[in-house]
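Trainee: Following this message is one structure expressed as structure tokens.
Pasting the structure below:
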């Protein structure tokens, strides 16, 4: 894979042999035949699911905030309203947003599932086996600041709200796949990405924005997570990571870790942090493959690897180590603002930048990096999000979070573009088959 070429018609810099197309743009119908459904703003985490007809579905979160969280640290009275609502009703997480949405929906024909710019949630794009876009629809609504998540091994989408008292949710990627479920046992925190170790019955998840971010997992017994089945997500134990020797030791090499039982009583984790738990600098992406949990920290631009069997952690990428450059370009800048992750079965890691140089980079098993693409826009105002491969390993989906179709960077809640990148080779991936939510 060679150096990046000049921008293509979509403003994207790609290596030779790669092509791009736009598949969804904020406030536009992805399909002209479905003019009533418009794509959400602020696309963030995403995942691909295989479908039984040989096609696939790309699910994308919206990091847009609802009316009670649209202005950063929300007033105490609005926070109280939101917390009361979230206890009493699964979907009515924001009374203010729901009131606005309900009023506007009365003015629209056909009961359109409106997604306001400040409404969060997630939407889906369904493709046939040839890659033609066939359907587009909402899969979750009336949540806030849905940042990242993951495709579960059993075929659903788990995603979380990136706010201090946020929840995690599970929903189906299918149209009319059942109602979303709130996952209280994942703790109330600023949720990011999720990863699964099926063999050891553990689900890992990251926390961001608090300034004192921790790394978590939920662990299950055999009764709670049967072999060849799905876990009971209403059960399990929430744990938080501790690195007794400190993360600076882990920058030098493998360092022992300890898992602590977190306080899980319904209060936000930011209110009940364990002093022995380890603070990381802006946790973002997380992925499990071949016995290792990998996760990224945006502030210091490190990528970490936990050896699950040996109980150690080490930094496998640190921009302060070694010279700049890559096998494709000796002048290539280091990765910065490392965010969402996506990995192949062979351990090749796609790392996208929040800031940095607006790139998706490949971190190889030998710890070298090569550029995969550079999106247009101002790195100070937008970011690269949502990387996910199609089941055939030839296409990569990725978003420009706050951009117009022409690549111009815009304000929060006003843009977002999803691209499909076709590659001249295939990578080995194994996404789950999309499933409906289980019957209540």
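Residue numbers (our numbering): 6 to 445.
Every residue, glycine too, gets a C-beta built ideally from N, C-alpha and C.
Nothing here was measured: the structure is a model prediction, and the numbers come from that model.
1) Is the distance from the Cβ of residue 248 to the Cβ of residue 178 below 8 Å?
2) Ignore the nearest five residues each way along the sequence and tell me which others in residue 208's own chain have a CB closer than 7 Å to its CB.
3) Compare the beta carbon distance of residue 382 and residue 370 with 8 Å and say whether it is the shorter of the two.
4) Grouping DSSP H, G and I as helix and E and B as strand, with all else coil, what is residue 39?
5) Please list the terminal residues of the continuous beta strand (DSSP E) segment that includes residue 266.
6) Would you check if there are 3 or more beta carbon pairs closer than 8 Å linking the region 339-349 to the region 263-282?
7) Ignoring anything shorter than 3 residues or poking outside the region 228-307, list the beta strand (DSSP E) runs there in chain order.
8) Between the Cα of residue 39 and the Cα atoms of 165, 138 and 59, which residue gives the shortest distance?
9) May I ask you to list the residues that DSSP assigns as paired with residue 166?
10) For residue 18, which beta-bridge partners are listed by DSSP?
11) Could you have a look at residue 206 and say whether DSSP puts it in helix, strand or coil?
12) On the three-state DSSP scale, how would you describe residue 58?
13) Using three-state DSSP, classify residue 47 as helix, strand or coil.
14) Return the first residue and the last residue of the beta strand (DSSP E) that residue 402 is part of.
15) How long is the line joining the alpha carbons of residue 160 and residue 70, rounded to whole angstroms?
16) Would residue 245 and residue 206 be called neighbours here (beta carbons separated by less than 8 Å)?
17) Is it a yes or a no for the region 22-30 touching the region 358-367, going by three-plus beta-carbon pairs under 8 Å?
18) The beta strand (DSSP E) with residue 144 in it runs from where to where?
19) Which class does residue 187 belong to by DSSP, given the choice of helix, strand or coil?
20) With distance defined between alpha-carbon atoms, name the residue in 428, 238, 380 and 395 nearest to residue 406.
21) Excluding the five sequence neighbours on either side, which residues of its own chain have a C-beta within less than 6 Å of the C-beta of residue 66, listed in chain order?
22) Would you kindly check if the distance between the Cβ of residue 236 and the Cβ of residue 229 is under 8 Å?
23) Is there contact here, the region 261-269 with the region 291-306, by at least three beta-carbon pairs under 8 Å?
24) Determine the direct distance from the alpha carbon of residue 315 to that of residue 104, and round the result to whole angstroms.
25) So the beta strand (DSSP E) residue 158 belongs to, where does it begin and stop?
26) Return the residue from the list 409, 192, 393 and 145 that minimises the CA-CA distance to residue 155.
27) By a C-beta neighbour count over all protein chains shown, 10 Å radius and 16 as the cutoff for buried, is residue 10 buried or exposed?
28) Quick one: does residue 147 have its CB under 8 Å from some CB of chain D?
29) Check this for me: beta carbons of residue 7 and residue 333, under 8 Å apart or not?
30) Can you list, in chain order, the residues of its chain with a C-beta nearer than 8 Å to that of residue 437? Leave out the 5 residues immediately preceding and following it.
31) Beta-carbon within less than 7 Å of residue 368's beta-carbon, same chain only, minus the 5 sequence neighbours each way: which residues are those?
32) Short of 6 Å in beta carbon distance, which residues of its chain neighbour residue 231, apart from the five on each side in sequence? Order them along the chain.
33) Can you check whether the CB of residue 398 is closer than 8 Å to the CB of residue 446?
Mentor: Put simply:
1) In this structure, residue 178 does not lie closer than 8 Å to residue 248 by Cβ.
2) The beta carbon of residue 208 lies closer than 7 Å to those of 199, 201, 222 and 223 in the same chain, with the five residues before and after it left out.
3) Going by C-beta atoms, residue 382 is not nearer than 8 Å to residue 370.
4) In this structure, residue 39 counts as coil in the three-state DSSP scheme.
5) That run of the beta strand (DSSP E) goes 263-266.
6) With the cut-off at 8 Å, the region 339-349 and the region 263-282 do not touch.
7) For the region 228-307, whole beta strand (DSSP E) runs of length 3 or above, ordered along the chain, are 242-247, 263-266, 288-294 and 297-302.
8) Taking only the C-alpha atoms, the option nearest residue 39 is 138.
9) BP columns for residue 166 point to 151.
10) In the DSSP assignment, the residues bridged to residue 18 are 379.
11) Three-state result, residue 206: coil.
12) Three-state result, residue 58: coil.
13) Three-state result, residue 47: coil.
14) Taken as a continuous stretch (DSSP letters only), the beta strand (DSSP E) holding residue 402 covers 400-405.
15) Between residue 160 and residue 70, the alpha-carbon positions lie close to 26 Å from each other.
16) No. Outside cutoff.
17) No contact exists between the region 22-30 and the region 358-367.
18) Looking at the DSSP string, the run of the beta strand (DSSP E) that includes residue 144 is 138-145.
19) Strand.
20) Nearest to residue 406 by C-alpha distance, out of 428, 238, 380 and 395, is 380.
21) Cβ neighbours of residue 66 beyond the five flanking positions: 49, 50, 127, 151 and 164.
22) Going by C-beta atoms, residue 229 is nearer than 8 Å to residue 236.
23) No, because fewer than three Cβ pairs between the region 261-269 and the region 291-306 fall closer than 8 Å, the two stretches do not touch.
24) No answer about residue 104 holds up, because its pLDDT of 48 lies below 50 and its placement is not dependable.
25) Careful: residue 158 lies outside any beta strand (DSSP E) and carries neither H nor E.
26) Taking only the C-alpha atoms, the option nearest residue 155 is 393.
27) With fewer than 16 Cβ atoms within 10 Å of its Cβ, residue 10 is classed as exposed.
28) In the structure shown, chain D cannot be found, because there is only a single protein chain.
29) Closer than 8 Å, so yes.
30) Excluding residues up to 5 positions away in sequence, 54, 55, 156, 157, 158, 159 and 160 lie with their Cβ nearer than 8 Å to the Cβ of residue 437 in the same chain.
31) The residues are 308, 322, 354, 356 and 374.
32) Nothing listed; no residue qualifies.
33) Outside the modelled stretch of the chain, which goes from 6 to 445, sits residue 446, for which no answer is possible.
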